[in-house]
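Novice: Quick note: the sequence shown uses this note's numbering, first residue 660, plus one each step. For each residue, glycine too, the CB sits at the ideal point set by N, CA and C.
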Amino acid sequence: MERDTMEFDVVIVGAGPAGLSCACQIAQLNESHGLDLNICVIEKGSQVGAHILSGAVFDPKALDELFPDWRDNPNPPPMTPVSDESLIYLATKHNHFGLPHFIVPNTLHCDSHQYVISLGQLCVWLAERAEQLGVEVFPGFAARSIHYDNEGNVAGVVTSDLGLDKEGKPKSNFEPGVILKAKYTVFSEGARGHLGRKLIRKFKLHKGKQPQHYALGIKELWQLPDNDPRHKPGTVIHGLGWPLSESHTNGGSFLYHLVNNQVAVGLIVDLNYSNPYLDPFEEFQRLKHHPAFSKHLQGAERLCFGARALAKGGLFSLPKQQFPGGLLIGCDAGTLNNAKIKGCHTAMKSGLIAAEAIAKELTSSHPSFEADYQTHFEQSWLYEELSQARNFNGAIHKHGNVLGGAIAAIEQNIWPRFSKKPVPWNIKDLQADYLCLKEKHVCPKIDYPKPDKKLSFDRPSSVYLSGTKHEENQPNHLHVASRRRAICNHIPMFDEPSQRYCPAGVYEIVELNSEKQLQINPTNCLHCKTCDIKDPSCNITWFPPEGGGGPDYRNM
């Protein structure tokens, strides 16, 4: 198939915080070095921010480096300074208590120098700044495959073909994808990026590392009535314990008060859970009925719903991020600091480091195909931060929230009082998340209550609030290697867990002619990629659909 070709100096895949920060930094270095670089950012969402979802409490450390004057901008990104914070333990579905300050790891504390934000709004702001600096930003275009040169170096990407029917045949509006050639290609697709996964395998970037670990984050945005006395902008609540504690599952909850009488509430479920009957979506519905959360939500209106996976393995799971012709940054690599429950500032910093490495090569008299990200990374505060937090994920996975949190408190609060050196031990988790499910006969079933449609809701109404839309007549972007395996193996062993781990109801077991079949509803897909991570046989692979499809998050 003949394809049009466009050539750039740098192509960035993904308009998230990492990719946009990288674009802005390269553009600034472009100006300061008197270069004439062509920089392009492509984004699979219908618009910048459409696929962005995060808590989010934001540390502006990297933003201060990128735009030191951002606070003085006539239109700064919307941010609410943290005014009050608490970490609570939900002991039962009725009771909770606050955890004393001194036993909480220092990394989990927030202060007035941090902000409650909509990461989607921040990305819109960054995209505007990037365009002002001369960067071309193209939303609605998904990178389907990697373009290699004759020597096997990454030389760009190929965007998805548009206008294919369900059988993959061209429709009347067919447009072939475009080859975007680049001297350097930066991949910032978010957690479990489908191209990042291929690059890690091709260039053996994960050699010697522990498996990447993931969690599923589910979030809703609620609107309180005007002048509601409960609304206190900047309030931050993080929770541990119930409901996940009942199934011995790790994770946590959050509730943040934003501006405009809005409240964000969410649950993060570690995807190393073992009970195949666990349903993260239903666990979230239960959470909202806890008195510690319901008192903030009663009488409010639910505005938006969304979900996405996050990479939380930390330094021990971080692959090599450089390879011939490109770089892997942000959550595509896994730069989130799990000990802080923050990944926006680390993703942005990885983008800044990538920009510096690329600019150095482009201005060198003897440029290399491989930009030296690693040297810049190891000299940065990002490496120091991830190194200090390197044991957090392993401690939680191996010892649970309580004991694992105590180990983290010792490492973060007590050890620095006696030594300036990092702790001399390492705690790793070498078991991949998809291998953690136990067979159903050794696990108790979980009886989830029906939604009351006031605080708890069903999947269809929730997916509706995500704004998710896909062209109906297009190839299925969820590839199942063997539907027979799902029926013959997964049902007797795990009661086919895709029915529950997918927060959008994409996968269903239906009966047709008295036989069970796996039904896939790809138009519901939120692009969270949990199926690609948690399927116990690695039976499902997520690919991007036509550009512009998927959720359309507002202020998430």
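#1: Where R1143 and R961 are concerned, what is the direct C-alpha to C-alpha distance, given to the nearest angstrom?
#2: As an exercise, report each continuous alpha helix (DSSP H) stretch of at least 4 residues that is fully enclosed by the segment 1091-1159, in chain order.
#3: How many whole angstroms separate the CB atoms of N832 and D1092, which I take to be in contact at a CB cut-off of 8 Å?
#4: What residues match up with Q981 in a beta bridge as DSSP calls it?
#5: Any idea which residues DSSP pairs S745 with across the strands?
#6: CB-CB under 8 Å to Q1176, same chain, minus the five flanking residues each way: which ones, in chain order?
#7: Across which residues does DSSP place K878 in a beta bridge pair?
#8: Is the CB-CB distance between P1181 and L1137 below 7 Å?
#9: Give me the residue from R662, Q684, D668 with the minimum Cα distance to E1015.
#10: Report the three-state DSSP secondary structure of F1028 (helix, strand or coil).
#11: Tell me the rounded alpha-carbon separation between H768 and V1061.
#12: Measure the Cβ-Cβ separation of W1201 and K1188 and say whether it is below 7 Å.
#13: Specify whether the segment 857-869 and the segment 708-723 touch according to this definition: at least 3 beta carbon pairs, one from each stretch, less than 8 Å apart.
#14: Apart from the five residues on each side of it in sequence, which residues of its chain come closer than 7 Å, Cβ to Cβ, to T908?
#15: Okay, do the segment 802-818 and the segment 763-782 touch, 3+ Cβ pairs below 8 Å being the bar?
#16: Verify whether the separation of the beta carbon atoms of F667 and A801 is less than 7 Å.
#17: Should R945 and P888 be called a contact, given that it needs their Cβ atoms to be closer than 7 Å?
#18: Could you compute how far the alpha carbon of S705 sits from the alpha carbon of G1206?
#19: Counting only runs that start and end within the segment 903-947, where is the alpha helix (DSSP H) found for 4 or more residues in a row?
#20: From this set, D663, H692, M665, which residue's C-alpha is nearest I1017's C-alpha?
#21: How many angstroms separate the CA atom of L758 from the CA atom of G898?
#22: Return yes when the Cβ of A970 is within less than 7 Å of the Cβ of G989, no when it is not.
#23: Cβ atoms of L694 and A789: under 7 Å apart, would you say?
#24: Can you find the residues in the same chain that come closer than 7 Å, C-beta to C-beta, to E1020, ignoring five residues on each side of it along the sequence?
#25: Here's the rule I'm using: 16 or more other beta-carbon atoms within 10 Å means buried, otherwise exposed. How should W1040 be labelled?
#26: Please name the residue, chosen from C782, P892, E942, that lies closest to P1110 on a Cα-to-Cα basis.
#27: Assess, as a yes-or-no matter, whether the segment 719-736 is touched by the segment 977-989 under the definition of 3 or more beta carbon pairs within less than 8 Å.
#28: So, at 7 Å on beta carbons, what are the nonlocal neighbours of Y807 in its own chain, with the 5 sequence-adjacent residues on each side left out?
#29: To the nearest angstrom, how far is the alpha carbon of G714 from that of E661?
#30: Is it the case that the Cβ atoms of T751 and V918 are separated by a distance below 7 Å?
#31: Can you tell me which residues form a DSSP beta bridge with T1200?
#32: Short of 6 Å in beta carbon distance, which residues of its chain neighbour H1004, apart from the five on each side in sequence? Order them along the chain.
#33: Buried or exposed, going by whether 16 or more other CB atoms sit within 10 Å of the CB of T631?
#34: Hey, would you say G900 sits closer than 7 Å to L746, going by beta carbons?
#35: Quick one: what's got a C-beta closer than 6 Å to I776's C-beta in the same chain, skipping five residues either side?
#36: Excluding the five sequence neighbours on either side, which residues of its own chain have a C-beta within less than 6 Å of the C-beta of R1159, listed in chain order?
Specialist: The short version:
#1: 39 Å
#2: 1118-1124, 1150-1153
#3: The Cβ separation is near 40 Å, so there is no contact.
#4: L986
#5: I896
#6: R1142, I1146, I1168, V1169, E1170
#7: G925, G965
#8: yes
#9: Q684
#10: coil
#11: 17 Å
#12: yes
#13: no
#14: V928, D929, Y932, L937
#15: no
#16: no
#17: no
#18: 7 Å
#19: 939-946
#20: H692
#21: 10 Å
#22: no
#23: no
#24: P1026, S1027, A1030
#25: exposed
#26: E942
#27: no
#28: V813, A814
#29: 43 Å
#30: no
#31: H1138
#32: D718, K720, A721
#33: The chain is shown only over 660 to 1215; residue 631 falls outside these bounds and no answer can be derived.
#34: no
#35: A715, F717, M738
#36: D938
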